Structures are given as C-alpha cells and as structure tokens.
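Undergrad: I'd like to ask some things about the structure below.
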Amino acid sequence: MQNEKKIKSVSYAKWGYIFILPFFLTYAVFSVIPLVDTIRNSFYEYYYSGLKAIGPNWVGLANYIELLAADLPKYAWNTFVMWILGFVPQIIVALVLASWFTDARLKIHGKQFFKVVIYLPNLIMASAFAMLFFALFSNSGPVNNILLNLGVVGEAIRFMESTLGARTLVALMNFLMWFGNTTIMLMAAIMGINPSIFEAADLDGCTHLQKFFKITLPQIRPLLTYTLITSLIGGLQMFDVPQILTGGQGAPDRTTMTLIMYLNNHLQAKNYGMAGALSVFLFLISAVLCWIVFKMNTDPDPDGSKSAARRARRMAKKGGAA
Numbered sequence: 362m363q364n365e366k367k368i369k370s371v372s373y374a375k376w377g378y379i380f381i382l383p384f385f386l387t388y389a390v391f392s393v394i395p396l397v398d399t400i401r402n403s404f405y406e407y408y409y410s411g412l413k414a415i416g417p418n419w420v421g422l423a424n425y426i427e428l429l430a431a432d433l434p435k436y437a438w439n440t441f442v443m444w445i446l447g448f449v450p451q452i453i454v455a456l457v458l459a460s461w462f463t464d465a466r467l468k469i470h471g472k473q474f475f476k477v478v479i480y481l482p483n484l485i486m487a488s489a490f491a492m493l494f495f496a497l498f499s500n501s502g503p504v505n506n507i508l509l510n511l512g513v514v515g516e517a518i519r520f521m522e523s524t525l526g527a528r529t530l531v532a533l534m535n536f537l538m539w540f541g542n543t544t545i546m547l548m549a550a551i552m553g554i555n556p557s558i559f560e561a562a563d564l565d566g567c568t569h570l571q572k573f574f575k576i577t578l579p580q581i582r583p584l585l586t587y588t589l590i591t592s593l594i595g596g597l598q599m600f601d602v603p604q605i606l607t608g609g610q611g612a613p614d615r616t617t618m619t620l621i622m623y624l625n626n627h628l629q630a631k632n633y634g635m636a637g638a639l640s641v642f643l644f645l646i647s648a649v650l651c652w653i654v655f656k657m658n659t660d661p662d663p664d665g666s667k668s669a670a671r672r673a674r675r676m677a678k679k680g681g682a683a
C-alpha cells in the first residue's frame with residue numbers, strides 16, 4: 362500500500378501580524394502609555410512651588426471640579442467661536458471652487474496655476490503667518506494707513522484691542538491657511554463621481570443647483586465628514602496663531618485664549634495635575650463632538666432595506682384592516 366503524502370498547510374497570517382507589530386509597539390509607547398499616565402496624573406495634586414515639588418497627592422476629581430468652576434467653559438467657547446468663524450467660510454469657498462474647477466463646461470484656463478496659488482498658504486508656517494498679520498493689522502500698519510489715506514476711517518482701527526477684531530483675525534488666518542487644502546480634497550472627491558450620473562441629470566433638465574445639492578453633496582458626504590472631523594480636531598488644538606498674535610495673553614481680556622493655550626499655561630507652571638485633567642477634558646470633548654458629527658453624516662439605511670421593510674409592514678397592516 363502506497364504511503365499517502367501528507368500535505369502540510371502553511372499559514373502566512375502570522376507574517377501580517379509580525380509586519381504590523383512595529384506600528385502597534387510604537388503607538389503603545391508614544392500614545393497609549395502617555396495617555397494612561399495623563400489620566401492618572403489628572404487625579405493627583407502635582408505641581409511645583411518654586412523649586413519644591415508638591416505631591417503627587419491623591420485628590421480624586423478635585424482638579425476637574427476646579428477647572429469647571431474656573432475659566433474652562435469660557436476658553437472652550439472662545440475656541441469654538443474662532444473655529445466656526447474660520448471653518449464656515451472655508452468649507453463654503455472650498456465647495457464653490459471645487460465645483461468650478463471640476464466643471465468641464467466652464468472651460469477654466471490655468472487650473473493648475475490656480476490650484477498651486479490656493480494651496481500655497483498651507484505651506485507657510487503658522488508662526489510666520491501670525492507675524493505677518495500682526496504687522497499688517499497693527500495700529501500703525503499698512504491696513505490702517507490705507508484706510509486712513511482713503512478716508513474710509515477717521516482714526517486707526519485697533520484690531521487687536523477689540524474682541525471681534527482679534528477673533529476675526531485668528532479665524533481669517535485659519536481660513537486662508539486651510540481652504541486650499543480642503544479645496545484640493547473636495548476636487549478629488551467630485552472627480553471620483555461617475556460622469557454618467559451628471560449626464561443623466563442633464564438629460565432630465567436638472568439645473569446646476571439641483572445637481573450640486575442632489576448629486577454632488579450626497580456623493581461626497583464621506584469626505585465632507587472626514588473634513589469636518591479633522592477640522593474640528595484641529596480647531597480644538599488651535600494654539601500657534603492666537604499664541605503668537607496675542608503674545609500668549611489671549612488679548613483682549615482673554616477672549617482669544619484657547620483650550621490649548623490654557624493647557625500650555627499649566628504646563629509652563631509645571632502644574633501637571635491640572636494639565637492632566639484639562640487634557641482628559643479635551644480628549645472627551647473631541648471624542649463626543651466627533652461621534653456626533655459622524656452620526657449626523659452617516660446614513661443609517663444606505664441600501665433602503667429598512668425603509669422598504671417599514672413600508673411593507675404598513676401596507677400589510679392596512680391590508681389586514683381591510
């Protein structure tokens with residue numbers, strides 16, 4: 362009787378785990394462990410008084426209660442307002458430009474040139490951008506000189522001494538820095554839509570606005586969700602522009618003080634307990650807001666099966682009643 366040869370099955374699945382192991386190790390060392398340590402520090406009183414270290418002493422939720430009773434809500438509101446002022450025009454302008462540049466019937470010449478121009482501000486360092494705006498909009502800067510010479514205003518506008526002026530400048534800088542990047546991403550999303558859908562809409566006599574709201578926006582909703590979430594996280598991390606523009610003071614009257622600027626103040630004061638609690642607050646706020654945005658932009662019934670089942674049940678009930 363011939364000996365049957367046993368074929369040994371070789372599994373290559375382990376190599377996939379081996380190849381991704383360095384990423385998970387790096388992520389654990391530089392992200393997970395610091396996050397856990399930050400959460401642990403948030404429950405302790407741990408700061409420096411001169412050269413003397415106070416703590417770490419267990420205080421439970423005292424750091425969180427103190428933050429909520431202090432100026433944390435005000436700084437969260439400042440951050441949200443400046444993000445909204447910058448994001449709303451950013452997404453509107455980016456959608457309009459992306460629609461124009463991807464519309465073959467407009468026949469826009471020099472598209473590559475315009476793409477480069479609108480993306481260039483994204484390559485400029487935020488610190489350099491802030492210093493430029495500080496020089497342009499200072500009390501004796503070029504903007505005030507032009508307005509005075511044209512007779513538009515009778516005296517110099519003190520942009521940095523008014524809440525509206527300072528917040529608007531921060532929002533304007535964030536808008537100029539990021540609308541080009543958003544435009545390029547939205548253009549890629551629109552170009553990925555099947556052209557036959559637009560051709561069918563043209564045959565049906567759809568207008569430009571109908572095609573934009575009924576075809577373009579629903580088709581690029583996943584990228585819009587991604588853009589909104591990344592912009593929201595970036596807005597919560599807003600630091601460099603208002604820090605440089607106001608010298609870290611959040612002038613006027615701390616109305617441009619952001620959450621990360623507040624966190625930086627605690628870190629500079631070596632108040633690690635309060636800094637840890639504030640970091641946990643930021644983490645929770647980011648998680649909750651991103652979850653809300655994701656749920657708002659996710660279709661719970663993408664194939665329409667649930668809606669069809671509900672309609673069938675209603676019809677069955679009507680038939681039974683008859």
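In terms of the numbering used here, the sequence shown opens at residue 362 and continues consecutively.
Glycine included, every Cβ here is placed at the ideal spot set by N, Cα and C.
On a predicted model such as this, the values are computed, not experimentally measured, just so you know.
1) Between F462 and the rest of its own chain, which residues show a CB-CB distance below 6 Å, the 5 nearest in sequence each way excluded?
2) In this structure, what does DSSP give as the bridge partners for E406?
3) Assign A374 to buried or exposed, taking buried as 16 or more other Cβ atoms, counted over all protein chains shown, within 10 Å of its Cβ.
4) Going straight from the alpha carbon of T619 to that of I594, what length do you get?
5) Applying the 10 Å Cβ sphere with the 16-neighbour rule, what's the burial state of Y391?
6) Identify the residues that DSSP records as bridge partners of K413: which are they?
7) Roughly how many angstroms lie between the CA atoms of T440 and L628, to the nearest whole one?
8) Answer yes or no: do A527 and T617 have a C-beta to C-beta separation smaller than 7 Å?
9) Can the beta-carbon of W438 be found closer than 7 Å to that of G596?
10) I believe G637 touches N402 by the beta-carbon criterion, under 8 Å. Please report the beta-carbon distance rounded to the nearest angstrom.
11) Apart from the five residues on each side of it in sequence, which residues of its chain come closer than 6 Å, Cβ to Cβ, to V602?
12) Measuring alpha carbon to alpha carbon, tell me which residue in L643, Q580, T568 is nearest I400.
13) Measure from the alpha carbon of Y425 to the alpha carbon of each residue in V397, M657, N658, L645, then state which is nearest.
14) Under 7 Å between the Cβ atoms of A455 and T543?
15) Excluding the 5 residues flanking L624 on each side, which residues of the same chain have their C-beta closer than 8 Å to its C-beta?
16) Work out the CA separation of Y587 and G541 for me, nearest whole Å.
17) Between which two residues does the alpha helix (DSSP H) containing D565 stretch?
18) Going by DSSP, what residue range makes up the alpha helix (DSSP H) through T586?
19) Here's the rule: buried if 16 or more other CB atoms are within 10 angstroms of the residue's CB, otherwise exposed. What is N505?
TA: On the basis of the data shown:
1) Mapped onto the sequence shown, residue 462 falls at position 101. For F462, where only same-chain residues beyond five positions count, the Cβ hits under 6 Å are K472, M548.
2) Counted from its first residue, the sequence shown places residue 406 at position 45. Paired residues: N418.
3) Looking up residue 374 in the sequence shown gives position 13. So A374 ends up on the exposed side.
4) Numbered from its first residue, the sequence shown carries residue 619 at position 258. Numbered from its first residue, the sequence shown carries residue 594 at position 233. Note on geometry: alpha-carbon atoms of T619 and I594 lie some 13 Å from one another.
5) The residue you call residue 391 lines up with position 30 of the sequence shown. Looking at the sequence provided, one finds Phe at residue 391 rather than Tyr. Looking at its Cβ environment, which holds fewer than 16 other Cβ atoms inside 10 Å, F391 is exposed.
6) The residue labelled residue 413 in the question sits at position 52 within the sequence shown. Within the DSSP bridge table, the entry for K413 names S410 as partners.
7) The residue labelled residue 440 in the question sits at position 79 within the sequence shown. The residue labelled residue 628 in the question sits at position 267 within the sequence shown. When the Cα atoms are used, T440 and L628 turn out to be separated by approximately 19 Å.
8) Taking the sequence shown and counting its residues from 1, one reaches residue 527 at position 166. Taking the sequence shown and counting its residues from 1, one reaches residue 617 at position 256. Result yes, Cβ atoms of A527 and T617 sit closer than 7 Å.
9) Locating residue 438 in the sequence shown gives position 77, where the first residue counts as 1. Locating residue 596 in the sequence shown gives position 235, where the first residue counts as 1. For W438 and G596, no; Cβs fall outside 7 Å.
10) Mapped onto the sequence shown, residue 637 falls at position 276. Mapped onto the sequence shown, residue 402 falls at position 41. So it is a contact: roughly 4 Å between Cβ atoms.
11) Within the sequence shown, residue 602 is the residue found at index 241, counting from 1. Counting only Cβ-Cβ distances below 6 Å, and skipping sequence neighbours, we find A487, A491, V531, M534.
12) For the purposes of this step, residue 400 is taken as residue 39 along the sequence shown, with counting starting at 1. Cα-wise, what sits closest to I400 is L643.
13) On the sequence shown, position 64 is the one that residue 425 refers to. The shortest Cα separation from Y425 among V397, M657, N658, L645 belongs to L645.
14) Looking up residue 455 in the sequence shown gives position 94. Looking up residue 543 in the sequence shown gives position 182. Yes, the Cβ-Cβ distance between A455 and T543 is below 7 Å.
15) Reading the sequence shown from its first residue, position 263 is the one you call residue 624. Within the same chain, Cβ atoms closer than 8 Å to the Cβ of L624 are found at A636, L639, S640, L643, the five residues on either side in sequence being excluded.
16) Working through the sequence shown from its first residue, we reach residue 541 at position 180. Working through the sequence shown from its first residue, we reach residue 587 at position 226. Going by C-alpha positions, G541 is about 16 Å away from Y587.
17) Translated into positions along the sequence shown, residue 565 becomes position 204. Neither: D565 is in no alpha helix (DSSP H) and is coded neither H nor E.
18) One-based indexing of the sequence shown puts residue 586 at position 225. Run containing T586: 582-597, per the alpha helix (DSSP H) assignment.
19) Taking the sequence shown and counting its residues from 1, one reaches residue 505 at position 144. With a 10 Å radius around the Cβ and a threshold of 16 neighbouring Cβ atoms, N505 comes out buried.
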